[in-house]
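Residue numbers (the UniProt record's numbering), protein chains in the order written: chain C, 1 to 261; chain P, 1 to 261; chain S, 1 to 261; chain E, 1 to 261. Glycine included, every Cβ here is placed at the ideal spot set by N, Cα and C.
There are 4 protein chains.
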Amino acid sequence: MSINVLVWGENVHERENEIVREIYPEGMHTAIARQIAADGDLKVSTAVLQEPEHGLSEERLAGTDVLVWWGHKAHRQVDDAIVERVAKRVWEGMGLIVLHSGHFSKIFKRLMGTPCALKWREAGERERLWVVNPGHPIARGLPAFFELEYEEMYGEPFSVPEPMETVFISWFQGGEVFRSGLTYRRGAGNIFYFRPGHETYPTYHDATVGQVLRNAVRWAHNPAPAYTAVHEAPNVPVEKAPEKIVERGPKLHAPGEQGYR
Amino acid sequence: MSINVLVWGENVHERENEIVREIYPEGMHTAIARQIAADGDLKVSTAVLQEPEHGLSEERLAGTDVLVWWGHKAHRQVDDAIVERVAKRVWEGMGLIVLHSGHFSKIFKRLMGTPCALKWREAGERERLWVVNPGHPIARGLPAFFELEYEEMYGEPFSVPEPMETVFISWFQGGEVFRSGLTYRRGAGNIFYFRPGHETYPTYHDATVGQVLRNAVRWAHNPAPAYTAVHEAPNVPVEKAPEKIVERGPKLHAPGEQGYR
Amino acid sequence: MSINVLVWGENVHERENEIVREIYPEGMHTAIARQIAADGDLKVSTAVLQEPEHGLSEERLAGTDVLVWWGHKAHRQVDDAIVERVAKRVWEGMGLIVLHSGHFSKIFKRLMGTPCALKWREAGERERLWVVNPGHPIARGLPAFFELEYEEMYGEPFSVPEPMETVFISWFQGGEVFRSGLTYRRGAGNIFYFRPGHETYPTYHDATVGQVLRNAVRWAHNPAPAYTAVHEAPNVPVEKAPEKIVERGPKLHAPGEQGYR
Amino acid sequence: MSINVLVWGENVHERENEIVREIYPEGMHTAIARQIAADGDLKVSTAVLQEPEHGLSEERLAGTDVLVWWGHKAHRQVDDAIVERVAKRVWEGMGLIVLHSGHFSKIFKRLMGTPCALKWREAGERERLWVVNPGHPIARGLPAFFELEYEEMYGEPFSVPEPMETVFISWFQGGEVFRSGLTYRRGAGNIFYFRPGHETYPTYHDATVGQVLRNAVRWAHNPAPAYTAVHEAPNVPVEKAPEKIVERGPKLHAPGEQGYR
């Protein structure tokens with residue numbers, strides 16, 4: 001069974017900034033997509049901010065098993081209605097992998113319900129990612145740690161909810177630490193936040209980063225049919241109660257009336 | 001040390017519906033506030049939807065340690081800016097207790113990042129709340145279970161994130177179950193969802209419910225100073241890194257520039 | 001890829017008790033194994049208490065991906081050394097599914113680190129299991145709830161650690177509730193506790209129970225190589241530190257010496 | 001209300017090793033106890049391995065609200081029956097703070113149900129502890145990070161269960177990271193693991209470490225009466241079921257008979 005992966009890229013710095021363009025001449029989303037597509041059963045396509053509906057139409061999302069998100073400069077330009085559409089698909093079971101500066105994307109903040117803030121420093125320092133949960137599917141095939149010689153520092157506290165699992169913790173040359181791989185489930189959707197990926201460094205050309213991305217896609221994939229009932233708040237009439245009961249006491253709602261939202 | 005509690009009530013059905021007015025002639029918020037104020041060190045005041053800023057001004061929230069929220073019919077009338085203001089205070093450390101139909105309030109959905117949907121039936125059936133975590137502060141002084149002879153049914157699945165702790169689970173006469181007491185932490189704020197409290201029944205006059213409310217207020221109270229840094233994403237310049245490093249590689253940001261949001 | 005499943009049965013009441021023998025003439029382990037083996041890629045075998053090493057030799061466990069455990073009357077007869085052997089394999093990545101009265105098995109208590117106690121009543125009452133996490137792999141293909149017309153009651157509080165996820169909650173006719181499906185990870189091993197299965201009722205002949213068992217086996221399976229390093233506490237000599245450091249200060253240990261355990 | 005704290009020390013290296021004796025001439029337990037006793041409402045006493053019952057009689061434990069544990073060389077000399085006694089008190093609500101090399105103590109492994117292994121290096125390197133959860137009571141009054149100039153390195157993976165909350169993460173000069181402050185609840189007992197404290201360095205004379213210890217004692221304290229029912233598995237006879245039911249179907253147990261353990 002193949003997994004349909006959609007890599008979403010903001011696609012701004014790749015076009016506007018000479019350094020980024022040189023590293024990612026076809027865009028960061030293309031580099032990320034290539035890493036994932038190295039496994040033949042992962043069917044990968046891309047979408048960017050500048051497309052109609054940011055390339056995230058209802059149809060497109062309905063056919064997506066796992067969405068990978070990279071954004072930074074243009075978080076505010078993402079349409080609120082599209083964010084809500086993506087959130088709904090996540091609750092229904094679409095996997096979501098949020099990368100690096102995506103910590104401040106509307107979709108990640110929407111799903112976390114917290115500020116998702118952190119400290120940062122852009123100094124090309126060494127990052128060493130330690131696997132703290134070696135039995136986790138996202139750590140499959142990885143060494144005890146891996147290094148990125150040039151990376152932006154992200155420092156704790158990272159104001160996200162306590163995760164389901166902590167998979168990676170980063171050590172930075174300048175003295176900080178960061179929880180670099182965190183898992184969450186929201187509705188039927190599996191969410192993974194993965195820290196590395198500043199656009200002025202060649203992080204998404206790194207082989208180990210590629211392995212993490214592929215592992216994360218497989219972990220995030222929920223093969224169940226879309227759990228669309230997650231949004232509904234159905235009334236269960238007395239005659240359909242699993243156990244026979246007799247209605248009693250006063251009521252607000254007339255029979256068949258919807259609940260308040 | 002006293003704890004400043006603010007009980008927020010929607011205050012709609014108490015005025016519009018004869019049944020509710022009879023049970024709560026001074027409003028549900030007043031009944032809830034009285035239960036909490038039975039402990040003298042809990043300093044309780046109330047606010048309602050109809051006040052300017054819904055009674056939730058910056059000043060009011062700044063002086064609140066724990067906010068208790070009951071709403072149902074008028075969720076949509078709560079101003080989005082006020083919801084955001086409340087969320088910020090929660091992240092900074094204000095406790096939040098969300099009651100019953102507040103599961104669909106804007107503030108609860110905002111903080112959970114999920115639909116918060118459930119099944120329901122208004123039939124005046126018996127609810128029995130079991131304490132599944134008897135050592136938890138919110139269960140202090142409670143029996144193994146307590147009953148509410150007339151309540152609305154809420155049934156699983158309740159589409160919220162996996163909680164930090166499950167404190168209560170309800171049994172319903174009609175055959176359903178529900179996780180009726182759930183704890184979360186978001187930023188520095190402790191959040192407790194407590195299920196009972198349909199407006200056509202005298203739930204907030206029940207003594208055991210009062211005990212739960214007081215316990216929950218004490219548990220939710222975070223005595224630390226407001227953690228205002230939770231919103232900030234400060235740059236740490238190279239010269240202020242805890243370990244001496246030398247900047248290298250290309251950069252996006254000029255010195256002193258803010259990060260993107 | 002096939003999954004090697006080993007169903008372990010205590011195999012006492014099936015031989016000693018007329019009622020149980022009638023329901024499970026070939027033993028409960030055989031009935032459980034048949035349910036799981038209904039999916040052809042699940043390769044199932046069985047082992048019982050009365051075999052040498054309880055059928056759980058090092059070799060047998062090394063070849064097992066997921067172990068399913070049913071025990072009740074003879075928990076104390078399970079050898080402590082075998083319990084430790086099973087625990088080690090779980091930490092290394094073998095899945096473990098603990099059924100019903102296995103809540104008091106040595107292996108479950110060993111892995112939970114808590115008493116694992118609960119209330120009970122043997123009255124052939126109706127149990128209704130609600131799916132509280134419909135997107136979870138263990139709930140795949142299940143209806144909103146399923147019923148077992150005759151079951152033993154287990155009631156909260158269930159003194160286990162807060163789970164990673166709650167998948168099922170049971171409603172009992174006599175008025176109790178119970179968290180009937182709980183997931184844990186310990187080391188690289190996935191653990192699922194599933195409540196139903198009292199030996200005087202035909203629970204393991206139920207089709208939906210069979211679906212849960214198969215789902216649980218697939219969920220618990222960790223395809224990674226055995227994580228044998230989970231037991232080790234290696235010294236990292238100064239010359240092998242990822243960053244160059246100079247040893248300083250006083251030491252307890254001579255070079256190459258083992259740590260204390 | 002005062003809190004009764006018992007600091008337990010192994011008390012071996014302080015007597016046998018010249019370096020340790022010089023730093024802690026009255027024993028490590030005494031230094032730890034002094035730090036905690038700096039807050040007048042914390043009533044602190046000490047106990048050591050060499051006392052009868054290791055100073056942990058039933059009476060002593062019954063009067064203890066929070067137990068602090070430091071051990072290293074003599075883990076194996078702690079009597080198994082005493083370990084079980086301590087575990088029982090934790091489940092009943094006694095707080096437990098496990099320090100440094102106590103990760104391999106029998107009591108910690110017993111309560112975690114995992115190997116609790118880690119990497120280590122004794123090189124007197126710098127450790128920097130980052131507060132990752134600044135709103136947590138254990139972080140009260142702490143700066144964003146604090147440093148210990150000379151410490152033993154502990155490196156991930158730390159094979160413990162996923163914690164309830166991660167409070168601290170350590171950065172080490174040699175390039176490793178470690179989750180240095182982890183909370184758990186087991187039964188009614190709050191458990192905190194705190195990493196620093198190698199015996200050849202003056203860690204327990206550090207003022208910030210003292211603040212953490214006092215904070216942790218307050219957090220771990222459960223003022224509820226001992227939850228002794230945590231060990232019991234009572235039968236609920238049919239006539240005492242909360243809802244009226246009629247017994248039916250076959251049974252294993254005669255009326256009044258105990259369940260199997």
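The residues Gly71 and His72, in chain order, have a CB closer than 7 Å to that of C:Ser101 in the same chain once the five nearest residues on each side in sequence are set aside.
Annotation: the continuous alpha helix (DSSP H) that includes E:Asn215 extends over Ala207 to Ala220. The three-state secondary structure of P:Val132, taken from DSSP, is coil. Nearest to P:Val68 by alpha-carbon distance, out of P:Gln258, P:Gly256 and P:Gly189, is P:Gly189. With respect to P:Glu152, P:Arg126 sits apart: the two C-beta atoms are not nearer than 9 Å.
Look at E:Leu111 here: in three-state DSSP terms it is helix.
Among the residues of the stretch 222 to 233 of chain E, those with a Cβ less than 9 Å away from any Cβ of chain P are Asn222, Pro223, Ala224, Tyr227, Ala229 and Val230, in the order of the chain. The continuous stretches of alpha helix (DSSP H) do not include E:Leu182, which lies in the beta strand (DSSP E) extending over residues Val177 to Arg186. Within 8 Å of the CB of P:Ser170, no CB atom of chain C is found; the nearest one sits about 14 Å away.
Three or more beta-carbon pairs drawn from the stretch 12 to 29 of chain P and the stretch 191 to 209 of chain P are found closer than 8 Å, and the two stretches are therefore classed as touching. Of all residues in the stretch 6 to 25 of chain E, none places a beta-carbon less than 9 Å from a beta-carbon of chain P. According to the DSSP assignment, C:Val86 belongs to the alpha helix (DSSP H) that extends over Asp80 to Glu92. Pairing P:Leu118 with P:Ala144, the inter-Cα distance amounts to about 25 Å. For P:Met28, the secondary structure class from DSSP, reduced to helix, strand or coil, is helix. Collapsing the DSSP output to three states places P:Val238 in a helix. If you draw a straight line from the Cα of P:Ile245 to the Cα of C:Val209, it comes to about 24 Å.
For C:Gly155, DSSP records a beta bridge to C:Lys119. P:Ile169: member of the beta strand (DSSP E) spanning Glu165 to Phe172, first to last residue.
A residue is called buried when at least 16 other Cβ atoms come within 10 angstroms of its Cβ; S:Gly40 does not meet this threshold and is exposed. Close partners of P:Gly175 in chain S (Cβ separation under 7 Å): Arg128 and Trp171. Residue state for E:Leu61 is assigned as helix, using DSSP reduced to three classes. Put simply, the stretch 249 to 260 of chain E does not touch the stretch 164 to 171 of chain P. Fewer than three CB pairs are less than 8 Å apart. Per DSSP, the unbroken alpha helix (DSSP H) holding P:Val20 starts and ends at Glu18 to Ile23. Within the model, the alpha-carbon separation for C:Trp219 versus C:His54 is close to 25 Å. When Cβ-Cβ separations below 9 Å define contact, C:Leu111 makes contact with chain P.
One thing to note: E:Val66 has its Cβ within 9 Å of the Cβ of E:Leu6. The beta carbons of E:Ser170 and E:Leu129 sit about 5 Å from each other, so the pair counts as a contact at 8 Å.
C:Leu56 and C:Glu10 have their C-alpha atoms spaced approximately 12 Å apart. With the criterion set as a beta carbon lying under 9 Å from some beta carbon of chain S, the members of the stretch 177 to 192 of chain P are Val177, Phe178 and Arg179, in sequence order. Using beta-carbon distances, S:Glu243 counts as an interface residue toward chain E, with a partner under 9 Å. Contact between the stretch 189 to 199 of chain S and the stretch 85 to 98 of chain S is present: three or more C-beta pairs spanning the two stretches fall below 8 Å. Of the candidates E:Thr64, E:Gly174, E:Leu111 and E:His103, the residue whose Cα lies closest to the Cα of E:Val44 is E:Thr64. Any Cβ of chain S closer than 9 Å to the Cβ of E:Ala117 would place that residue at the interface, and such an atom is present. Taking a beta-carbon distance threshold of 9 Å, S:Thr200 does not count as an interface residue toward chain P. When secondary structure is reduced to three states using DSSP, P:Ala47 falls in the strand class.
Taking the Cβ atoms as the reference, C:Gly175 lies roughly 3 Å from P:Pro242, within the contact range of under 8 Å.
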